[in-house]
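Numbering (full-length UniProt numbering), first residue to last: 1 to 323. The beta carbon of each residue, even a glycine, is placed where N, CA and C say it ideally should be. Take a look at the structure set out below.
Written out as structure tokens, the structure is:
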């Protein structure tokens, strides 16, 4: 009889979803992944970190599919987002409702990798778990509504774990500023594109460290509050230049050019294209220091999983084939 706990991961093909699945496998969990086309992934080589997953066909927007996939699970990792920043208003809340319904049916704890989108300038620069949530963007307002639905579900008996992170970086798939802004995967780097302002600090979250944090918290699930929420400090780039310097050092090219992201041009492109429009709306997150306070997390885990920046950046660049 298999006594290992089981986690259903929604969004396993994304950055934090895939990293969390990998971490849970390493921690002795059975992992089920709900994907639209499992045939593409069922024959992964044994060396692939996700080779031990049970792949199930279904859509995270389908409540019945999520409920069936979650049968017997102790955790539902809700790491799914609409692709390419599209259809957030139409899809995000129905998808979390599907996970909540599945958790009610199974008794599983919902795990949400959170962001700082749901905060506005009134909460900056130092964010604690209970800082006011007054976002400036529609996406931020949707994230607030999503978390409120989870909190309401917890009051009705559904256990919830939210861990909020800064900007992700790491190998693998997924949309993030590192791979879509600073560097271009699969190419020799002509220049590093810097979306920030000189001297303005920024919080980065290395995906393997973020996923390890979630796995360690789930190992302690019986000790957590029904509505447990934590902040992950990650790598704090105090002057906005540490990440740039780490990239140049990892490439062995200290003289690699650095160019500023042309925000006005991004705004113009956003008139007709959704991706640049959504990125442009997030520019305020690069104009002021925003730091996540992890004292609550450390009080539970003892320490936060932390890979040195130089090692994390080198591993990321190698995985993305950036030269």
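Residue closest to residue i, alpha-carbon to alpha-carbon, out of the options
i, options, result
"residue 216", "13, 19, 24 and 3", "24"
"residue 267", "211, 259 and 283", "283"
Residues bridged to residue i [DSSP beta-bridge criterion]
i, result
"residue 162", "112 and 229"
"residue 259", "193"
"residue 202", "237"
"residue 55", "33"
"residue 124", "Paired residues: none, contrary to the question."
"residue 91", "BP columns for residue 91 are empty, so no partner."
"residue 146", "Paired residue(s): none; residue 146 is not in a bridge."
"residue 76", "8 and 110"
"residue 292", "127"
Cβ-Cβ separation, residue j to residue i (assumed contact under 8 angstroms), whole Å
i, j, result
"residue 254", "residue 248", "5 angstroms"
"residue 49", "residue 22", "4 angstroms"
"residue 32", "residue 69", "6 angstroms"
"residue 160", "residue 154", "5 angstroms"
"residue 317", "residue 250", "5 angstroms"
"residue 378", "residue 17", "As displayed, the chain neither begins before 1 nor continues past 323, which places residue 378 out of reach and without an answer."
"residue 142", "residue 110", "Their Cβ separation, rounded to whole angstroms, is 17 angstroms, which puts residue 142 and residue 110 out of contact at 8 angstroms."
"residue 214", "residue 150", "About 15 angstroms; that fails the 8 angstroms criterion."
Close Cβ partners of residue i (< 6 angstroms) along its chain, the five nearest in sequence each way excluded
i, result
"residue 312", "206"
"residue 38", "55 and 57"
"residue 226", "154 and 159"
"residue 286", "195 and 196"
"residue 105", "67"
Neighbourhood of residue i by C-beta, 7 angstroms cutoff - its chain only, sequence neighbours within 5 removed
i, result
"residue 321", "185 and 186"
"residue 352", "Nothing about residue 352 can be read from this structure; the chain reaches only from 1 to 323."
"residue 34", "8, 10, 56, 58, 60, 65, 66 and 69"
"residue 29", "4, 5, 6 and 7"
"residue 306", "209"
Original post:
Is the region 145-152 in contact with the region 109-116, if contact means three or more CB pairs nearer than 8 angstroms?
Top reply: yes
Subject >> Given 8 angstroms, three or more beta-carbon pairs between the region 187-199 and the region 120-134 >> reply: no
Subject >> Three or more C-beta pairs below 8 angstroms linking the region 275-287 and the region 204-213 >> reply: no
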